[in-house]
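Structure first, commentary second.
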Amino acid sequence: MSSAVMLSLLYQVLLYLNMFYFGMFATCEFCMKCVKAYNFPTSFGTISMEFALLLFLITTEGIRIYLGRKGNLLDHGLPFLLGVALNIPSSLATLYFLFWQDRTLRLEQILCGIELVLLAAELIVAIMFLVAVYRRPPPEG
Numbered sequence: 420m421s422s423a424v425m426l427s428l429l430y431q432v433l434l435y436l437n438m439f440y441f442g443m444f445a446t447c448e449f450c451m452k453c454v455k456a457y458n459f460p461t462s463f464g465t466i467s468m469e470f471a472l473l474l475f476l477i478t479t480e481g482i483r484i485y486l487g488r489k490g491n492l493l494d495h496g497l498p499f500l501l502g503v504a505l506n507i508p509s510s511l512a513t514l515y516f517l518f519w520q521d522r523t524l525r526l527e528q529i530l531c532g533i534e535l536v537l538l539a540a541e542l543i544v545a546i547m548f549l550v551a552v553y554r555r556p557p558p559e560g
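In the working numbering, the protein residues as written are 420 to 560.
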């Protein structure tokens with residue numbers, strides 16, 4: 420098999436893994452936000468901003484996974500590139516939950532760290548896939 424096919428398969432596996440992991444991540448993050456809102460004295464503005472950011476992360480990550488899978492499976496460049504580009508806002512939102520939010524629980528640090536590793540692995544494999552596709556020699560015939 421060619422390296423482009425192997426990288427495409429690896430990218431698809433990483434997206435599939437992240438699809439299930441992110442569902443668990445978002446559910447745990449939502450529950451931890453509810454616990455922190457109930458137990459810690461925090462302003463309403465901070466709580467609402469963190470819930471809005473979580474909703475933004477869920478939306479962008481869902482769109483990113485959908486576009487990445489469809490673009491990869493159908494060999495369409497634009498959805499694939501948009502899925503790769505949406506990696507940036509997803510990573511930034513996850514970094515916010517890891518470092519910059521008001522209070523961070525240990526479980527949040529672990530879950531956000533795993534999510535960032537998955538996002539970085541997907542980004543590296545996606546870039547390697549794009550390089551392999553565009554370096555492929557034209558078909559002879």
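Every residue, glycine too, gets a C-beta built ideally from N, C-alpha and C.
Keep in mind that this is a model prediction, so the values were computed, not measured.
Worksheet item: DSSP state of L476, grouped into three classes?
Response: helix
Fill in: Through-space distance from L472 to G442, alpha-carbon basis
16 Å
Worksheet item: Thinking C-beta only, is E469 closer than 8 Å to K452?
Response: yes
Worksheet item: Do the segment 529-548 and the segment 502-513 touch if we need at least three Cβ pairs shorter than 8 Å?
Response: yes
Worksheet item: Is the segment 545-554 close to the segment 519-535, with three or more CB pairs under 8 Å?
Response: no
Item to complete: Please classify P460: does DSSP put it in a helix, a strand, or coil?
Response: coil
Discussion item. Between N458, I484, A512, I529, which has its C-alpha nearest Y435's C-alpha?
Written reply: I484
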